[in-house]
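Below is one structure, written out as structure tokens, with a few remarks after it.
Residue numbers (our numbering): 8 to 478.
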């Protein structure tokens, strides 16, 4: 977690005094000299606070380097941000100061205009709001003033799992009275769950972590539609997430066996994995109580913890056209870039790059794939998107599904989506490039008129995107 500062015009800092001031601040804050060690005998993660500094016990890292161009400085900053080996939690080395001179041959004990200081903290012991406290005490130490001695503002590592287990339970009666107040007696009560002992939280949909009841299926239970739908109904499932095509297939089955009420208790329905088609969505909503249900569109690759962009929508938005995948989860960042890694304006297509707390570190044992998957600190999704004027992201298709035809860049998925909207009788379609200047659409369905498809495409797509032939 690096923080970068530049020496302003006419400014100057003494490096020896800065180093001494940093030592005072580090000694004041225990979290900046705390090591985390796993005790194999107790099977626990333990903390150890380092009290003194000698040749064999360095409390923080201090180094100097130089740069000549801004690009070299940016490379240094990027290195500070992305290199995990700069910290050693087992030794308590969780803070480092990197002094960067703008010129190579300068007095070694001073910082001048244009020079930079990078304060870098391990994220396990520091957060952004604590920076103001750190800078305030560093300033006082540098000016030879006494740092604040009130321990109430100390930066400490708190193990909330231990704290919760030590809490008194004398108020348990009041807690339960408040929890079950006004509860529907026919509805399952959500019980609190100790989130610190939850394993494989993603597979549980994080339901237990927010006090929800989790309904589990037997292995391959989703392949047995009778068992699956009956489980949803009998256990009063109110939250359901799935791929639109699977939910549509489930609704087809329920219509076939004349069980239209088995999804009526669902209150939140989340779609993900593929685009929502209006004709399939219309079939799904006929099984739901629209006065009580909320719909979400969810997007996210596995490399960004499955879900990192979401959008809450209303049924009429699906009828109006393709709905957006939405806006980012908290602590996530996105960039939409063209093929030259330049930002695109709203309404223009570009590749989606993601970064943030949910972004993975890399592929295990495959550094070659990891290098290909990243641009700076951002993950290359390979998905082509657009951002509208309201800041909502719209999914267009895959970058590797783009083709170039007669000088025009075309997204085949956009044409396929248009054809699926043309008729409720179309179940599947694939568009391919034929020769060097033709598009051919292969359509699966019944009672499909070629001329009707062509007119529909002309009304929705530019002329160069209309297929030359329909098969």
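Beta carbons are placed, not taken as given, at the ideal position from N, Cα and C, and that holds for glycine. A quick note: this is a predicted structure, and the numbers were derived from the prediction, not measured.
What three-state label does DSSP hand residue i in the structure shown?
| i | result |
| --- | --- |
| residue 271 | coil |
| residue 58 | coil |
| residue 160 | Note that residue 160 scores 47 on pLDDT, short of 50, meaning its location in the model is unreliable; the coordinates nonetheless yield the value given after this. Residue 160 falls in the helix class under three-state DSSP. |
| residue 143 | helix |
| residue 27 | helix |
| residue 339 | strand |
| residue 108 | strand |
| residue 289 | helix |
| residue 123 | strand |
| residue 128 | strand |
| residue 3 | It is not possible to answer for residue 3, since the shown part of the chain is limited to 8 through 478. |
| residue 72 | strand |
| residue 89 | helix |
| residue 42 | strand |
| residue 84 | helix |
| residue 248 | strand |
| residue 231 | coil |
| residue 11 | strand |
| residue 375 | helix |
| residue 239 | helix |
Around the Cβ of residue i, are there at least 16 other Cβ atoms within 10 angstroms (buried) or fewer (exposed)?
| i | result |
| --- | --- |
| residue 284 | buried |
| residue 201 | Confidence at residue 201 is low in this model, with a pLDDT of 41, below 50, so the placement of that residue is unreliable and no value is reported for it. |
| residue 379 | exposed |
| residue 127 | buried |
| residue 38 | buried |
| residue 264 | exposed |
| residue 396 | exposed |
| residue 51 | exposed |
| residue 469 | exposed |
| residue 291 | buried |
| residue 473 | buried |
| residue 48 | exposed |
| residue 254 | buried |
| residue 462 | exposed |
| residue 439 | exposed |
| residue 203 | Confidence at residue 203 is low in this model, with a pLDDT of 39, below 50, so the placement of that residue should be treated as unreliable; the coordinate-derived value is given next. The residue is exposed, with fewer than 16 neighbouring Cβ atoms inside 10 Å. |
| residue 231 | exposed |
| residue 82 | exposed |
| residue 388 | buried |
When the Cα atoms are used, what is the spatial distance from residue i to residue j?
| i | j | result |
| --- | --- | --- |
| residue 301 | residue 319 | 7 Å |
| residue 355 | residue 330 | 16 Å |
| residue 299 | residue 28 | 60 Å |
| residue 93 | residue 451 | 57 Å |
| residue 269 | residue 256 | 14 Å |
| residue 400 | residue 24 | 49 Å |
| residue 385 | residue 124 | 24 Å |
| residue 357 | residue 393 | 7 Å |
| residue 10 | residue 332 | 33 Å |
| residue 161 | residue 348 | With a pLDDT of only 48 at residue 161, under the threshold of 50, the placement of this residue in the model should not be trusted; the figure read from the coordinates follows. Using only the alpha carbons, I get a separation of about 43 Å. |
| residue 267 | residue 274 | 16 Å |
| residue 476 | residue 447 | 5 Å |
| residue 445 | residue 412 | 8 Å |
| residue 43 | residue 227 | 41 Å |
| residue 54 | residue 101 | 13 Å |
| residue 325 | residue 288 | 8 Å |
| residue 293 | residue 286 | 11 Å |
| residue 466 | residue 429 | 11 Å |
| residue 281 | residue 136 | 39 Å |
| residue 103 | residue 12 | 14 Å |
How about residue i and residue j: are their beta carbons less than 8 Å apart?
| i | j | result |
| --- | --- | --- |
| residue 364 | residue 338 | yes |
| residue 68 | residue 56 | no |
| residue 305 | residue 278 | yes |
| residue 361 | residue 343 | no |
| residue 72 | residue 32 | no |
| residue 224 | residue 240 | no |
| residue 14 | residue 121 | yes |
| residue 426 | residue 408 | no |
| residue 433 | residue 455 | yes |
| residue 222 | residue 244 | yes |
Inside the segment 296 to 369 only - alpha helix (DSSP H) runs reaching at least 4 residues: 322 to 327
Residue ranges of each beta strand (DSSP E) within the segment 383 to 466, 3 or longer: 385 to 394, 400 to 405, 409 to 412, 415 to 418, 433 to 441 and 445 to 452
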